[in-house]
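When you number the sequence shown by the working numbering, it's gap-free, plus one each residue, and the end is 520.
Beta carbons: idealized from backbone N, C-alpha and C, even for Gly.
From a predicted model like this one, the values you see are computed outputs, not experimental measurements.
Heads up, the thing below is written out as structure tokens.
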Amino acid sequence: MQYIVQFSVAKTLARKYDISLKKVFTKFSPSIKVDYLSENYKKRRIQLALYPNFKRRRKHFYNLLTASKTPFTPIYRPYNPTKQPCTLCGSNDQIRMYHRKPVSLISRPAKTVIEHMIRINRRQIPVCKRCYNSL
Ligand SMILES: [Zn+2]
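Structure below.
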């Protein structure tokens, strides 16, 4: 698995910079270290998390499972899109979801609502009953 991931990343970089795999490994080292500047211009480094060896670690999973004193509970966010106000007029009256077709099936230029949904990369938006009937 590690070999596949390592060479997949190396081949992606080779294609991007139009260089050979050998040059990728000399430029980025075998663990593919890449230096970059973050959004606030701080120097960052990212690299593949490669295993140095494949020696069996007897207590690996035991340590993982007992590391936390409290049991892990995922954060549940009760997010109901039909509780949002209408995207078009802001009304909270009888909200329903308006769906659009995939972009490949839409003849362009489409309705302004459809173009807006494509622009914000949404397949469905909450709209009130009055707006839904006018679409
Ligand atoms: Zn509306």
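N-terminal and C-terminal residue of the beta strand (DSSP E) that residue i is part of
i, result
"VAL419", "419 to 422"
"TYR483", "481 to 484"
"ILE431", "428 to 431"
Simplified DSSP assignment, three categories, for residue i
i, result
"ARG443", "coil"
"ILE510", "strand"
"LYS408", "helix"
"LEU520", "coil"
"ASN465", "coil"
Neighbourhood of residue i by C-beta, 8 Å cutoff - its chain only, sequence neighbours within 5 removed
i, result
"LEU406", "PHE392, ALA395, LYS396, ALA399"
Same chain, Cβ closer than 7 Å to residue i, five either side skipped, listed in chain order
i, result
"ALA495", "none"
C-alpha gap between residue i and residue j, whole angstroms
i, j, result
"LYS428", "VAL419", "11 Å"
"LEU435", "ARG441", "15 Å"
"TYR517", "ARG508", "15 Å"
"ASN448", "VAL488", "48 Å"
"ALA452", "ARG443", "15 Å"
Under 8 Å between C-beta atoms of residue i and residue j
i, j, result
"LEU450", "TYR483", "no"
"LYS454", "ASP478", "no"
"THR531", "ARG481", "For the chain, the structure presents residues 386 to 520; residue 531 sits outside this window and is missing."
Continuous alpha helix (DSSP H) stretch holding residue i: start and end
i, result
"ARG400", "387 to 402"
"VAL498", "497 to 504"
Proximal residues to residue i (C-beta, below 6 Å), its chain only, five neighbours per side dropped
i, result
"GLN469", "PRO511"
"SER476", "CYS513"
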